[in-house]
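Data first, discussion second: the structure below is written as structure tokens.
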Amino acid sequence: MTSINKSASQVWAEIVSNKKVGAYHHMVFQVGELATHAKPGNFVAIAVGGSNSAMVLRRAFAIYRTFDRGVTGGLLEIVVAPHGAGSTWLTNQNPGFKVDLIAPLGTAFGIPTQPVRALLVGGGYGSAPLFGLSEVLKSRGCRVDMVLGASTAMKIYAPLDGKRSVSSLTIATEDGSTGITGKVTDVIPGIIEANSIDIIYSCGPMGMLEAINKISSEFGIMHQCAIEESMACGIGVCMTCVLPMKGEDGQIRMLRSCIDGPVVDGDNVVWGAKRVIPEGTWGAN
Amino acid sequence: MTSINKSASQVWAEIVSNKKVGAYHHMVFQVGELATHAKPGNFVAIAVGGSNSAMVLRRAFAIYRTFDRGVTGGLLEIVVAPHGAGSTWLTNQNPGFKVDLIAPLGTAFGIPTQPVRALLVGGGYGSAPLFGLSEVLKSRGCRVDMVLGASTAMKIYAPLDGKRSVSSLTIATEDGSTGITGKVTDVIPGIIEANSIDIIYSCGPMGMLEAINKISSEFGIMHQCAIEESMACGIGVCMTCVLPMKGEDGQIRMLRSCIDGPVVDGDNVVWGAKRVIPEGTWGAN
Amino acid sequence: MFNYQTKLGQAEFSNPIFTASGCAGSGKELSQFFDISELGAIVTKSIMLKPRSGRATPRMAETPSGMLNSIGLQGPGIDLFLENDIPWLRDQGATIVVSIAGESVEDYAVLARKLRAVSGISALEVNISCPNVENRGQVFACHPTTARAAIEAVRRNIGGELPIIAKLTPDVTSIVEIAEEVVAAGADGLALINTVLGMVIDTNTMRPKLAGKTGGLSGPAIRPVAVRAIYQVHSALPHVKILGMGGVASGRDAFELILAGASAVSVGTATFGNPTAVMQIKEELKNELISHGFDSLQEAVGYAHRSEGNI
Amino acid sequence: MFNYQTKLGQAEFSNPIFTASGCAGSGKELSQFFDISELGAIVTKSIMLKPRSGRATPRMAETPSGMLNSIGLQGPGIDLFLENDIPWLRDQGATIVVSIAGESVEDYAVLARKLRAVSGISALEVNISCPNVENRGQVFACHPTTARAAIEAVRRNIGGELPIIAKLTPDVTSIVEIAEEVVAAGADGLALINTVLGMVIDTNTMRPKLAGKTGGLSGPAIRPVAVRAIYQVHSALPHVKILGMGGVASGRDAFELILAGASAVSVGTATFGNPTAVMQIKEELKNELISHGFDSLQEAVGYAHRSEGNI
Ligand SMILES: Cc1cc2nc3c(=O)[nH]c(=O)nc-3n(C[C@H](O)[C@H](O)[C@H](O)COP(=O)(O)OP(=O)(O)OC[C@H]3O[C@@H](n4cnc5c(N)ncnc54)[C@H](O)[C@@H]3O)c2cc1C
Ligand SMILES: Cc1cc2nc3c(=O)[nH]c(=O)nc-3n(C[C@H](O)[C@H](O)[C@H](O)COP(=O)(O)OP(=O)(O)OC[C@H]3O[C@@H](n4cnc5c(N)ncnc54)[C@H](O)[C@@H]3O)c2cc1C
Ligand SMILES: Cc1cc2nc3c(=O)[nH]c(=O)nc-3n(C[C@H](O)[C@H](O)[C@H](O)COP(=O)(O)O)c2cc1C
Ligand SMILES: Cc1cc2nc3c(=O)[nH]c(=O)nc-3n(C[C@H](O)[C@H](O)[C@H](O)COP(=O)(O)O)c2cc1C
Ligand code: FES
Ligand code: FES
Chain A
1 MTSINKSASQ
11 VWAEIVSNKK
21 VGAYHHMVFQ
31 VGELATHAKP
41 GNFVAIAVGG
51 SNSAMVLRRA
61 FAIYRTFDRG
71 VTGGLLEIVV
81 APHGAGSTWL
91 TNQNPGFKVD
101 LIAPLGTAFG
111 IPTQPVRALL
121 VGGGYGSAPL
131 FGLSEVLKSR
141 GCRVDMVLGA
151 STAMKIYAPL
161 DGKRSVSSLT
171 IATEDGSTGI
181 TGKVTDVIPG
191 IIEANSIDII
201 YSCGPMGMLE
211 AINKISSEFG
221 IMHQCAIEES
231 MACGIGVCMT
241 CVLPMKGEDG
251 QIRMLRSCID
261 GPVVDGDNVV
271 WGAKRVIPEG
281 TWGAN
Chain B
286 MTSINKSASQ
296 VWAEIVSNKK
306 VGAYHHMVFQ
316 VGELATHAKP
326 GNFVAIAVGG
336 SNSAMVLRRA
346 FAIYRTFDRG
356 VTGGLLEIVV
366 APHGAGSTWL
376 TNQNPGFKVD
386 LIAPLGTAFG
396 IPTQPVRALL
406 VGGGYGSAPL
416 FGLSEVLKSR
426 GCRVDMVLGA
436 STAMKIYAPL
446 DGKRSVSSLT
456 IATEDGSTGI
466 TGKVTDVIPG
476 IIEANSIDII
486 YSCGPMGMLE
496 AINKISSEFG
506 IMHQCAIEES
516 MACGIGVCMT
526 CVLPMKGEDG
536 QIRMLRSCID
546 GPVVDGDNVV
556 WGAKRVIPEG
566 TWGAN
Chain C
571 MFNYQTKLGQ
581 AEFSNPIFTA
591 SGCAGSGKEL
601 SQFFDISELG
611 AIVTKSIMLK
621 PRSGRATPRM
631 AETPSGMLNS
641 IGLQGPGIDL
651 FLENDIPWLR
661 DQGATIVVSI
671 AGESVEDYAV
681 LARKLRAVSG
691 ISALEVNISC
701 PNVENRGQVF
711 ACHPTTARAA
721 IEAVRRNIGG
731 ELPIIAKLTP
741 DVTSIVEIAE
751 EVVAAGADGL
761 ALINTVLGMV
771 IDTNTMRPKL
781 AGKTGGLSGP
791 AIRPVAVRAI
801 YQVHSALPHV
811 KILGMGGVAS
821 GRDAFELILA
831 GASAVSVGTA
841 TFGNPTAVMQ
851 IKEELKNELI
861 SHGFDSLQEA
871 VGYAHRSEGN
881 I
Chain D
882 MFNYQTKLGQ
892 AEFSNPIFTA
902 SGCAGSGKEL
912 SQFFDISELG
922 AIVTKSIMLK
932 PRSGRATPRM
942 AETPSGMLNS
952 IGLQGPGIDL
962 FLENDIPWLR
972 DQGATIVVSI
982 AGESVEDYAV
992 LARKLRAVSG
1002 ISALEVNISC
1012 PNVENRGQVF
1022 ACHPTTARAA
1032 IEAVRRNIGG
1042 ELPIIAKLTP
1052 DVTSIVEIAE
1062 EVVAAGADGL
1072 ALINTVLGMV
1082 IDTNTMRPKL
1092 AGKTGGLSGP
1102 AIRPVAVRAI
1112 YQVHSALPHV
1122 KILGMGGVAS
1132 GRDAFELILA
1142 GASAVSVGTA
1152 TFGNPTAVMQ
1162 IKEELKNELI
1172 SHGFDSLQEA
1182 VGYAHRSEGN
1192 I
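Residue numbers (my numbering), protein chains in the order written: chain A, 1 to 285; chain B, 286 to 570; chain C, 571 to 881; chain D, 882 to 1192.
Structure, rendered in structure tokens:
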């Protein structure tokens, strides 16, 4: 046996609830025992389109949170943005419908052993996994600040109970429809300084993660980010989801974001390497 | 303009009802005005699988009957045997769901100008179009006898009000689970003789139609049958659904069963020509 | 004003959405559903010299996101076609592209001579994806020499005006090589792609589903193959106009072929699933083009090549 | 008792369901979902001489009933592979087919020499659908001479025992011609088919979606192409064992390839949609065979050919 995908299992998960929240759908699935294995940062892979679907690949979604409900089985929640065909199909399914779901997959956010001051930054639905993370960090005595950003208010996902789990919540929208007008990166430096942040956890579009990493580097603080690469399998067998990452030996390798990620150390990512293999990558020729 | 597909139109038809009857589903669609154009023998072509379906072709179903309901729009009914992926998908859709439907398509059963004695023979769901035909024939003063056959009782489709429209109904099943034990062809000769049948109308599997045509030829009576060929388009543009038919000039041609059929004159069909082009066919080489 | 016009060789078309050969009957069947004069062009079913029964049935099998067909070029032959179909289409005001197919080089020559004086035809699509009876039934378009011979025969016999669009099969080691040959032989444009050779075995009867055993695969399943072929050929022969086809079922799909290098797009299998597909695609493609900021179709042709340098 | 065993060359396998090369990782990733020793064989990702980063991203695009990939043979190179992957697979009790790929004829020779003494390998799959750097990047399997050269190099260097299965691309004018060449060159079996060359253009960015522009099309979309290729090659070379693949996602699909002439079936893309697909297919195929009255897998191999005479 190996440790890859080690707590993952495949289940027929019944949709327990599917509610529209702003631009997103908050969906709850009955997943049984596997809920107990999920950690903040892990993701699920769901088959879409039903039988005879022209879509042959699963779709990945960050786990928003899980509940262990004993004998009735655990619940797993995700936040879905209806985007293309697959996510739209999923958000159109009603409670009672069962989907083929694999979870938990991928790496989780690293939890510090010391009570640190953490800043959680989410872009769009990227906020979803941060609330569960915030609970864990709080239970470890960490202070948690949060910044959420999106193009517009409808795309800010910040449920009430989620908000309660953080010490401060700053919202930034590009059109100013809620919170301050601007990007998350406009406010992050101020918060880092004001609250003496030790570590940033982030989840959102690649461009945002890169911009955050620039800031964290400048401040010399840690940055763990959950990246979103196009995935065909989600379990490490296809090699489509790779991104160039620096290892401890300084060597750049093309690593799979589904099993060596999605949560990675921001400083290890070779940013801006879309459509090119960075020079010096292991095996580049 | 031409006369091909001349009263056909394409509509989003809402499913009004979907009930399991024996091995089949009786399905009712709200189709609006086009219901008024349908004649017994015509068929509908329905897109299956929803958006992002891997099934790119429509499925054809004989029209069971239509109702004109004035402003609320006409109704169109079909009887579906869940068989492969497409028909199974259709029978799984619930009332309220809308399907993309084209109707009426194809030829209709020819209605004699004189009051004749007609025998209607249906195999399996092939009975469906015969009840509407029976109504029309009765309204023209014809006597209508009916024989329905199937492998087993569950596959006999014979609703109560349908039964009422015929003078006699004989049922034959191969396993004897209802009616007499045997095939429709076992009883047809007796009925032809007893009731001095002038014309046979039939609908069902190709093998049954061929066997019936042998009998009608022996008795020298007319035989109109609705054939079921694999159709890609249903509207005459693809040439997949052809079958060899003798024309009035005695020439065999490969004719399209979707527009020159599905109802054809049994004596014109070159029977048993599956997987071969009959000798002498126009353009054979 | 958005300019939707396009050209293939010297022929001009009001818009780039055509029917695909063999997928629109004689035009009559579709005219119940829309006005066929609104098409960029109707491409007629490949017509041969003599009447032809086509292949035995079954002739089709549905496949995942596609279908196989083996119609075997059923048709009335060129004489009846010119007598019946062409006048009717002309009366409708349809823009006509005639597709021809032969079993020998001489067939192509004779077909071209029969068509040279016919009025109301905008272009000739030469289907060379047919078995060559003089060469062990090998498909013309599979070999540079036979592909060339068929197109040369048409070129020599067609006279000056009518643009020749050579229709190629993707079932070759190098479609660029074949494209170069037929262009050298006088083709003004290329139609890419014909169906991909496939087979379905019926697991109930345990034999090939089609009477003709193999058939041509079409529909969305082959769209990536069409895009690749168009892209490769447009790269190699940027000045040769391409009529693209293969799995187009939406304006987005048509746009994809245009970006790859097609100047016009034929819609085949999608019509079987939806008789008004061509008209919907015509509208959708226009909207795609406008929403991407193009003022004309022409600007978008092959854009996927040009933008590479920019990034 | 139903006999599910099969052979490819001299190698025997307990059942005919294999993973497809490049679609099962190192085996470790799937072992969480099922016991990989229950596979007919695990076919490893094509391994090259040296470590290889593969292509830049994006490397994949979903297509109707399929997907494009351009992984570019990312891998650790033969030495690390033999050091890490093989021992682990052997420890699991897995039946191993090693897939190799080279950029030159010499690469294939060296790879074969490195493998000849390795124990626990049942067969070698030789992926010759790779660009030949010595020949303008043309794919070995696209031309009879280069295909032959690569297989000969393996044959000469592998020693007596290990069966060689040559994996061919369908992107050729005649796959039978290539099959005949590689068999003449010493291949004991054939793997049919590798992916079909395709392209997707992202209509948002208006450029090819994959960083490598073109990619390989796989999944149910290409199944009819696989069935055709297997059928044609089995017709021409009935005594050569075929490992079939291409779009198999169910026992029915695997049965279709067996009927066409495959003695074993690899499952690729289906695993991405469903990690336990191979195990399900193994069960389903067995049930299909039994329900059609076969007492052994062998009786069904190529049955679609034999039954023709009977009707
Ligand atoms: C680790 C991970 C976590 C994710 N978490 C969420 C989440 O919490 N909520 C959410 O709404 N979405 C999430 N996504 C994106 C999601 O998986 C879908 O890709 C997205 O919903 C678009 O799929 P579609 O079928 O609607 O679009 P389509 O355009 O039909 O997708 C076509 C293909 O492209 C891929 N693709 C398209 N967009 C993306 C994208 N943004 N990221 C990765 N692949 C993409 C799809 O997976 C699919 O294979 C996540 C993706 C990853 C990899
Ligand atoms: C004129 C006509 C009238 C019909 N009337 C009825 C009816 O009243 N009730 C009913 O249940 N079915 C009827 N059928 C059959 C129906 O159209 C479907 O083909 C059948 O339900 C199987 O489709 P599927 O998707 O379930 O099977 P699949 O096996 O998934 O179908 C695959 C392909 O094969 C074709 N096919 C499969 N079986 C048949 C068949 N028996 N006849 C023609 N094509 C077939 C399908 O159309 C499809 O293109 C009729 C067919 C025709 C041509
Ligand atoms: C039923 C059918 C019949 C066809 N007949 C012809 C034909 O006569 N001549 C021809 O050049 N192509 C013919 N084709 C190929 C189409 O014109 C087109 O090239 C191919 O189907 C790919 O486009 P599509 O995926 O939009 O169907 C036919 C295709 C189908 C499906
Ligand atoms: C992501 C991916 C990677 C692949 N890598 C290889 C490879 O390394 N070597 C090889 O011979 N084939 C490779 N293939 C081809 C498959 O082994 C198989 O031949 C093809 O995908 C068709 O089968 P499928 O439709 O079941 O996927 C790869 C296919 C995919 C989708
Ligand atoms: S998605 Fe397949 S390896 Fe990561
Ligand atoms: S089904 Fe297309 S012509 Fe009849």
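Each residue gets a CB set at the ideal place from its N, CA and C atoms; glycine is no exception.
Closer than 7 Å, CB to CB, is residue i near chain B or not?
i               : result
P701 of chain C : no
A594 of chain C : yes
N52 of chain A  : yes
I641 of chain C : yes
E751 of chain C : no
Near residue i, which residues of its chain fall below 8 Å by C-beta distance, leaving aside the five closest residues on each side in sequence?
i                : result
Q1019 of chain D : P1012, N1013 and T1027
D186 of chain A  : A172 and I180
G236 of chain A  : I4, N5, R256, C258 and I259
Of all Cβ atoms in chain A, is any one closer than 7 Å to the Cβ of residue i?
i               : result
M340 of chain B : yes
R940 of chain D : yes
A366 of chain B : no
G411 of chain B : no
Could you tell me the boundaries of the alpha helix (DSSP H) in which residue i lies?
i                : result
W658 of chain C  : I656 to D661
P129 of chain A  : A128 to S139
I331 of chain B  : Where I331 of chain B is concerned, there is no enclosing alpha helix (DSSP H), although the beta strand (DSSP E) it sits in stretches over F328 to I331.
I1039 of chain D : P1025 to I1039
D446 of chain B  : L445 to R449
K856 of chain C  : A847 to S861
Which same chain residues, not among the five before or five after residue i, have their C-beta less than 6 Å away from its C-beta?
i                : result
A990 of chain D  : A1034 and N1038
I1023 of chain D : Per the sequence presented here, residue 1023 of chain D reads as Cys, with Ile not at that position. The answer, listed in chain order, is V1053.
Y125 of chain A  : Y24, V79, A81 and Y157
K684 of chain C  : I648
What does residue i pair with, by DSSP beta-bridge criteria?
i               : result
L578 of chain C : C:A581
C203 of chain A : A:G122 and A:A226
A14 of chain A  : Here the sequence assigns Glu to residue 14 of chain A, which means Ala is not the residue at that position. In DSSP, E14 of chain A forms a bridge with A:Q30 and A:K98.
Within 7 Å of any Cβ in chain C, is that where the Cβ of residue i sits?
i               : result
T566 of chain B : yes
T392 of chain B : no
Within its chain, find whatever has a CB closer than 7 Å to the CB of residue i; leave out the 5 residues flanking it on each side and keep chain order.
i                : result
E1137 of chain D : V1108
P95 of chain A   : I15, V16, S17 and N18
Can a CB atom of chain D be found closer than 7 Å to the CB of residue i?
i               : result
S820 of chain C : no
G610 of chain C : no
M206 of chain A : no
Under DSSP, the beta strand (DSSP E) around residue i begins and ends at which residues?
i                : result
L1140 of chain D : Segment G1132 to A1141 is the alpha helix (DSSP H) holding L1140 of chain D; no beta strand (DSSP E) there.
Anything with a beta carbon under 6 Å from a heavy atom of ligand 5 counts; list them all in chain order.
A:M231, A:A232, A:C233, A:G234, A:G236, A:V237, A:C238, A:M239, A:T240, A:C241, A:R256 and A:C258
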